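Visitor: So that we are looking at the same thing, I have put the structure below in structure tokens.
2 protein chains.
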Amino acid sequence: MNGLPDRPQPDTRQRLLEAASRMFVEQGFGATKVRDIVARAGANIAAVNYHFGTKEGLYAAVIRHHSAQAIEELSLQDRAAAGRTPAARLRDHVRTFLQRLLVDTPQFTLSKLIAREIVEPTAAFELIIERFVWPQYRALHAIVRMVAGDGASEETVRRCCLSVVGQCIYYQFARQVVAHLDPGFGYASADIERLADHIVAFSLGGIQQSAQACAAARKSRSESGDAS
Amino acid sequence: MNGLPDRPQPDTRQRLLEAASRMFVEQGFGATKVRDIVARAGANIAAVNYHFGTKEGLYAAVIRHHSAQAIEELSLQDRAAAGRTPAARLRDHVRTFLQRLLVDTPQFTLSKLIAREIVEPTAAFELIIERFVWPQYRALHAIVRMVAGDGASEETVRRCCLSVVGQCIYYQFARQVVAHLDPGFGYASADIERLADHIVAFSLGGIQQSAQACAAARKSRSESGDAS
DNA sequence: TTGCGGGTAAAACAATTGTTTGATACATTC
DNA sequence: GAATGTATCAAACAATTGTTTTACCCGCAA
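Below, the structure written as structure tokens:
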């Protein structure tokens, strides 16, 4: 009856996943509307219920959909670290982290969703922490420990890790402010490389300084006869 | 005929402002419901329309309500900086910033709202940037410039500023993650002091290292006969 | 053919939520 | 005391939004 060749149907389910990924990344879970997702995917609103049950189900599916390759990338990262200097490892870690956060590619969707979860947790928060944030954090922790040396306290190393992460993630969630404060900054590959250079240099100096301060504080405490 | 309802009646308006402040800080503008605000304020829902017109009007009033004292504090901060060393000024700046972000006091409401705006801009974004973020940033910029020295490029100084801010603000918007990654960290005054100590030490080391790297890069460029 | 089942569509549903209305009580003024 | 302006309240309103219903199309097998 309708003269049109029935819509090219490359899998509604897949189109929904992709549209939802983009919108969840761009606006967060709460702010994206199911109707906008299905509009972008060229699907009917009932398709969400049919394929994923609920909006939350769709979100969970999006996370699952991007998980496999993300986990693989993590292990790749680990393997590449063998035999490198601590500074080189830190550089790799920061650059990879920044690229995943800032480069506009569907490939890195999960990292951006994780960043969203950090700022605006959803039901998936605990899972995200357990499965992705912790491994990433442990890797960074090992690197920072090597840079800081054995003299640094555990607390110092932890804080240094959070300082590194804080610097990186700021550029993702504060894009609008960065655009005002540093109008020249763009998000092209070259910009990100230079940003990584800065953060690594800054962090190397920061870690060393923190470790020194920590050691000095210890010395001062022991000299003053602190017996605790 | 009373001109402006600047001080209409004793309670409701004030209670609404206070309840709204808390909830906007805790949940952000989009996620807080007008009905929850009025419930917390013990007022009728129509009171929002009567006193502030709309939810946005209430939000604007909240910002205005906290602006006066915040601006005063800023100038106090400037005055106190006279004659101190760059490092001491950085310490004051970071400590003050952290306290405003992390200490749970109605006194510092505006700073927390600003942090919200950075992550989740609303209609008030441009105003916030212009009136609060820029002055704060300029102050930090001057300090970082002094620490870095004249050899550092403008870009280096800018990035260092953002590194400092990023470290600080991370603890505000990623509280849940911090709680997982560093369970011992609390938000009492003493904790915040120690955190400030860390961020200052880290940043001092970071700025110096960045400035050195910048100078080295310049030297290397000039040695290789770069004429651009 | 008939029947079945996966997938889609339009519409309806129900809950939420910002906003408005109309009545009313209270105070102040004339 | 009547009139006026202020403030509050319960209820309604209207728009949004996640979810569900119901019917329909179509390929395929018995």
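Heads up: the sequence lines are chains A and B, in that order. Its first residue numbered 10, the first sequence is counted upward by one per residue in the numbering used here. Its first residue numbered 10, the second sequence is counted upward by one per residue in the numbering used here. Cβ coordinates follow ideal geometry from the N, Cα and C atoms, glycine included. The structure presented is a predicted model; accordingly, all values stated were derived computationally and were not measured.
Report, in whole angstroms, the separation of the C-beta atoms of Val-173(A) and Val-103(A), which I expect to be a contact under 8 Å.
Guide: Right, their Cβ atoms sit about 7 Å apart.
Visitor: Answer yes or no: does any C-beta atom of chain B fall closer than 8 Å to that of Gln-218(A)?
Guide: Yes - at least one Cβ of chain B is within 8 Å of the one on Gln-218(A).
Visitor: Name, going along the chain, the residues of the region 59-71 of chain A whose beta-carbon falls closer than 8 Å to a beta-carbon of chain B.
Guide: Listed by position, the residues of the region 59-71 of chain A near chain B (Cβ gap below 8 Å) amount to none.
Visitor: Between Val-187(A) and chain B, is any beta-carbon pair separated by less than 8 Å?
Guide: True, the Cβ-Cβ gap to chain B drops below 8 Å.
Visitor: Tell me which residue opens and which closes the alpha helix (DSSP H) that Gln-176(B) is part of.
Guide: Gln-176(B) -> alpha helix (DSSP H) spans 163-182.
Visitor: Starting from Tyr-196(B), trace the alpha helix (DSSP H) both ways and give me its first and last residue.
Guide: It is not in any alpha helix (DSSP H) - Tyr-196(B) carries neither H nor E in the DSSP assignment.
Visitor: Check for me: the alpha helix (DSSP H) holding Gly-45(A) runs from which residue to which?
Guide: Contrary to the premise, residue 45(A) reads as Asp rather than Gly in this sequence. Note, Asp-45(A): alpha helix (DSSP H), 43-50.
Visitor: Ile-127(B) CB to nearest chain A CB: under 8 Å?
Guide: Yes, contact with chain A.
Visitor: May I have the straight-line CA-CA distance separating Ala-56(B) from Ile-72(B), to the nearest angstrom?
Guide: Going from the Cα of Ala-56(B) to the Cα of Ile-72(B) covers about 18 Å.
Visitor: With distances taken from CA atoms, which of Leu-25(A), Asp-113(A), Leu-111(A) is nearest Ala-70(A)?
Guide: Considering only alpha carbons, the answer is Leu-25(A).
Visitor: Does the region 29-42 of chain B come into contact with the region 113-128 of chain B, if we say contact requires no fewer than three beta-carbon pairs (one atom in each stretch) closer than 8 Å?
Guide: Because the criterion of three Cβ pairs below 8 Å is met, the region 29-42 of chain B and the region 113-128 of chain B touch.
Visitor: Assess, as a yes-or-no matter, whether the region 136-151 of chain A is touched by the region 42-50 of chain A under the definition of 3 or more beta carbon pairs within less than 8 Å.
Guide: Result no; under three Cβ-Cβ pairs closer than 8 Å.
Visitor: Could you tell me the distance, in whole angstroms, from the CA atom of Asp-101(B) to the CA atom of Gly-160(B)?
Guide: Roughly 24 Å between the two C-alpha positions.
Visitor: Against Gln-176(A), what residues of chain B qualify as contacts under a CB-to-CB distance less than 7 Å, listed in chain order?
Guide: In chain order: Ser-172, Gly-175, Gln-176.
Visitor: Does Ala-97(A) come within less than 8 Å of chain B when only Cβ atoms are used?
Guide: Not one chain B Cβ lies under 8 Å of Ala-97(A).
Visitor: Which one of Ser-229(A), Gly-39(A), Asp-20(A) has the shortest CA to CA distance from Ala-132(A)?
Guide: Nearest C-alpha to Ala-132(A): Gly-39(A).
Visitor: Use the C-beta contact count for Ala-89(B): other C-beta atoms within 10 angstroms, 16 or more gives buried, fewer gives exposed.
Guide: Its Cβ having fewer than 16 others within 10 Å, Ala-89(B) is exposed.
Visitor: Indicate whether Leu-190(A) and Leu-110(B) have their beta-carbon atoms separated by less than 8 Å.
Guide: In this structure, Leu-110(B) does not lie closer than 8 Å to Leu-190(A) by Cβ.
Visitor: Does the beta carbon of Ser-212(B) come closer than 8 Å to any beta carbon on chain A?
Guide: Chain A, which has a Cβ nearer than 8 Å to the Cβ of Ser-212(B), makes this yes.
Visitor: Give the list of continuous alpha helix (DSSP H) stretches no shorter than 4 residues that lie fully inside the region 50-109 of chain A.
Guide: Runs found: 55-61, 64-89.
Visitor: Sorted by chain position, which residues of the same chain lie with C-beta nearer than 6 Å to Cys-169(B)'s C-beta, five sequence neighbours on each side aside?
Guide: Around Cys-169(B): Val-153, Ile-216, Ser-219.
Visitor: Return yes when the Cβ of Tyr-179(A) is within less than 8 Å of the Cβ of Leu-204(A), no when it is not.
Guide: No.
Visitor: Here's the rule: buried if 16 or more other CB atoms are within 10 angstroms of the residue's CB, otherwise exposed. What is Tyr-68(A)?
Guide: Buried is the call here.
Visitor: For Leu-13(B), collect the residues of the same chain with a Cβ closer than 6 Å to its Cβ; drop the 5 residues on either side in sequence, then sort them by chain order.
Guide: The pLDDT assigned to Leu-13(B) is 34, lower than 50, so where the model puts this residue is not dependable; a value taken from the coordinates is nonetheless given after this. No residues qualify anywhere along the chain.
Visitor: How many Å lie between Met-155(A) and Leu-85(B) at the Cα?
Guide: The straight-line gap from Cα to Cα measures roughly 42 Å.
Visitor: Would you call Tyr-59(A) buried or exposed, if buried means 16 or more other Cβ atoms sit within 10 Å of its Cβ?
Guide: Exposed, since its Cβ has fewer than 16 Cβ neighbours within 10 Å.
Visitor: Would Ser-237(A) count as contacting chain B if we go by Cβ distances under 8 Å?
Guide: Only weak support is given to the placement of Ser-237(A): the predicted model assigns it a pLDDT of 45, under 50, and the value that follows is read from those uncertain coordinates. Judged by the 8 Å Cβ criterion, Ser-237(A) is not in contact with chain B.
Visitor: Taking Pro-144(B) as the query, report the chain A residues whose CB atoms sit under 8 Å from its CB, ordered along the chain.
Guide: Here the premise fails: no neighbours, minimum Cβ distance about 12 Å.
Visitor: Using DSSP with H/G/I as helix, E/B as strand and the rest coil, what is Glu-129(A)?
Guide: If DSSP states are grouped into helix, strand and coil, Glu-129(A) belongs with coil.
Visitor: In angstroms, rounded to a whole number, what distance separates the CA positions of Arg-22(A) and Val-112(A)?
Guide: Rounded to whole angstroms, Arg-22(A) to Val-112(A) spans 26 Å at the Cα level.
Visitor: Any idea if Ala-210(A) is buried or exposed, counting beta-carbon neighbours within 10 angstroms, 16 or more meaning buried?
Guide: Buried: at least 16 other Cβ atoms inside 10 Å.
Visitor: How would you list, in chain order, the residues of chain B whose beta-carbon sits under 7 Å from the beta-carbon of Ala-222(A)?
Guide: Those within 7 Å of Ala-222(A) in chain B are Ala-210.
Visitor: Counting along the chain, where does the alpha helix (DSSP H) carrying Ile-152(A) start and finish?
Guide: Taken as a continuous stretch (DSSP letters only), the alpha helix (DSSP H) holding Ile-152(A) covers 143-157.
Visitor: Does any C-beta atom of chain A lie closer than 8 Å to the C-beta of Met-10(B)?
Guide: Note on Met-10(B): pLDDT 34, under 50, position unreliable in the model; no value is reported.
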